[in-house]
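In this note's numbering, the protein residues as written are 36 to 384.
C-beta: ideal position from N, C-alpha, C; glycine also.
Quick notes on the structure that follows.
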Ligand code: TTP
Ligand code: MG
Ligand code: MG
């Protein structure tokens with residue numbers, strides 16, 4: 036794990052930038068991709084906005100009605116996911132030429148393990164070339180962050196946006212992280228931040244302030260998450276890059292607060308798990324071959340049932356149908372209260 040070099044690549048205002056490229060006359064105007072605004076009465080949210088629109092305070096996940104209120108003269112467009120996926124696929128093909136250790140985390144984002152270069156300077160040159168090639172082939176700008184681990188690379192990338200490149204050398208970590216607001220650390224969300232502010236009696240908290248808390252104190256407050264926070268504020272992140280080849284299965288499970296036979300609850304939780312698993316499958320562009328459903332009854336008695344398909348697929352309807360059928364079998368075979376349900380897909384090609 037010593038001396039790693041990780042690059043994080045993220046496309047700038049991805050959906051909106053692709054739209055600008057397809058419609059050059061939008062350039063210079065605020066562009067918002069998302070739900071239909073319907074003169075401010077529309078429901079749904081903003082997927083993303085270009086930097087002109089961001090000047091008006093528009094952000095991803097904001098209600099589209101609010102975006103309309105803030106900037107009614109913007110160009111509002113529905114998301115054309117098929118187009119963005121095609122562009123993404125071509126970008127990721129370019130990315131894969133630069134490293135064989137690539138983890139794609141979303142349509143517009145990937146981590147590359149460049150440790151084999153053994154030089155941050157070489158990694159920087161590689162990033163410049165990667166950005167250049169993406170721009171030449173797709174006329175799209177991107178941003179890269181480079182650091183000794185995924186967390187530092189990701190924060191560096193965010194700081195360098197748009198169309199930037201920032202390298203954080205191991206010796207610069209402390210100086211880089213300490214002035215940041217604690218919410219800029221991946222894994223510290225608004226709720227955790229609020230709680231920490233209360234604990235420390237402060238209205239705003241920087242990474243530097245959090246270092247006052249001992250590991251034991253953080254563990255007492257947040258359990259295992261506390262230990263992660265302790266490490267993250269010190270720039271430690273040992274998670275490695277997971278390439279497509281390394282992912283052998285995708286799974287999710289849920290333990291009920293109390294054991295239950297409420298079939299409505301059981302199936303609704305199960306559907307959420309299926310949706311999450313399917314999302315991961317799609318993001319990673321994986322095919323599944325075997326579906327395994329896990330059911331733990333009261334008393335920790337755990338059973339699994341599996342279904343193997345004749346060939347690997349990425350079929351959502353089939354996944355939902357087969358997985359639900361397997362779960363139903365469990366519930367028909369036993370009348371015991373259910374403690375946990377889960378689903379696991381074996382990836383196969
Ligand atoms: P991001 O990389 O988070 O954002 P971005 O590329 O639009 O802008 P930035 O320059 O800050 O990277 O997300 C990539 C795409 O994913 C984005 O263009 C639209 C989509 N998306 C949503 O649909 N909803 C969301 O809430 C977010 C965050 C992104
Ligand atoms: Mg992006
Ligand atoms: Mg992204």
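key: Beta-carbon contacts of residue 90 that lie in its chain and below 8 Å, excluding the five residues immediately before and after   = Closer than 8 Å at the Cβ level, and outside the excluded window around residue 90, lie 65.
ask   = For the candidate residues 42, 298 and 84, whose alpha-carbon lies nearest to that of residue 386?
value = Absent from the structure is residue 386, since the part of the chain shown begins at 36 and ends at 384.
ask   = If you count every other CB in all the chains shown that lies within 10 Å of the CB of residue 158, and 16 or more means buried, which is it?
value = Burial call: buried.
task = Could you tell me the distance, in whole angstroms, from the CA atom of residue 238 to the CA atom of residue 212?
result = 19 Å
key: Environment of ligand 2 in chain order, Cβ to heavy atom below 5 Å   = 45, 46, 49 and 143
message = For residue 245, tell me which candidate among 327, 214 and 226 has the shortest Cα-Cα distance.
response = 214
query = Do the region 162–176 and the region 123–136 touch if we need at least three Cβ pairs shorter than 8 Å?
reply = They touch, by the three-pair rule.
request  = Identify, in the order they occur along the chain, each residue of the same chain with its Cβ nearer than 6 Å to the Cβ of residue 49, setting aside the five sequence neighbours on each side.
outcome  = 143
ask   = Taking 7 Å as the line, does the beta carbon of residue 228 fall inside it for any heavy atom of ligand 1?
value = no
message = Using CA atoms only, rank isn't needed, just tell me which of 110, 294, 362 and 82 is closest to residue 302.
response = 362
query = Using the C-alpha atoms, what's the distance from residue 306 back to residue 325?
reply = 18 Å
query = Does the beta carbon of residue 386 fall short of 7 Å from some heavy atom of ligand 3?
reply = Any answer about residue 386 is impossible in this case: the structure gives the chain only from 36 up to 384.
message = Quick check: the Cα distance between residue 357 and residue 342, rounded to an integer number of angstroms?
response = 8 Å
request  = Quick one: residues in its chain with C-beta nearer than 7 Å to the C-beta of residue 133, no 5 flanking neighbours on either side, listed in chain order?
outcome  = Once the five neighbours on either side are set aside, the close Cβ partners of residue 133 are 147, 161 and 165.
inquiry  = Buried or exposed, going by whether 16 or more other CB atoms sit within 10 Å of the CB of residue 85?
reply    = buried
ask   = Under three-state DSSP, which class holds residue 204?
value = coil
inquiry  = Determine whether the beta carbon atoms of residue 249 and residue 240 lie at a separation below 8 Å.
reply    = no
N- and C-terminal bounds of the alpha helix (DSSP H) containing residue 243 = 242–245
ask   = Leaving out five residues before and five after residue 295 in sequence, what residues of the same chain have Cβ atoms less than 7 Å from its Cβ?
value = Counting only Cβ-Cβ distances below 7 Å, and skipping sequence neighbours, we find 301, 372 and 373.
message = Could you tell me the alpha carbon to alpha carbon distance between residue 99 and residue 107, rounded to whole angstroms?
response = 10 Å
key: Distance cut-off 7 Å: residue 273 Cβ against heavy atoms of ligand 1   = no
query = Looking at residue 378 and residue 309, is the spacing between their C-beta atoms short of 8 Å?
reply = yes
ask   = Of all the options 39, 75 and 109, which has the alpha carbon lying nearest to the alpha carbon of residue 60?
value = 109
message = Please state the DSSP three-state secondary structure of residue 298.
response = helix
Identity of the residues DSSP links to residue 339 by a beta bridge = 329
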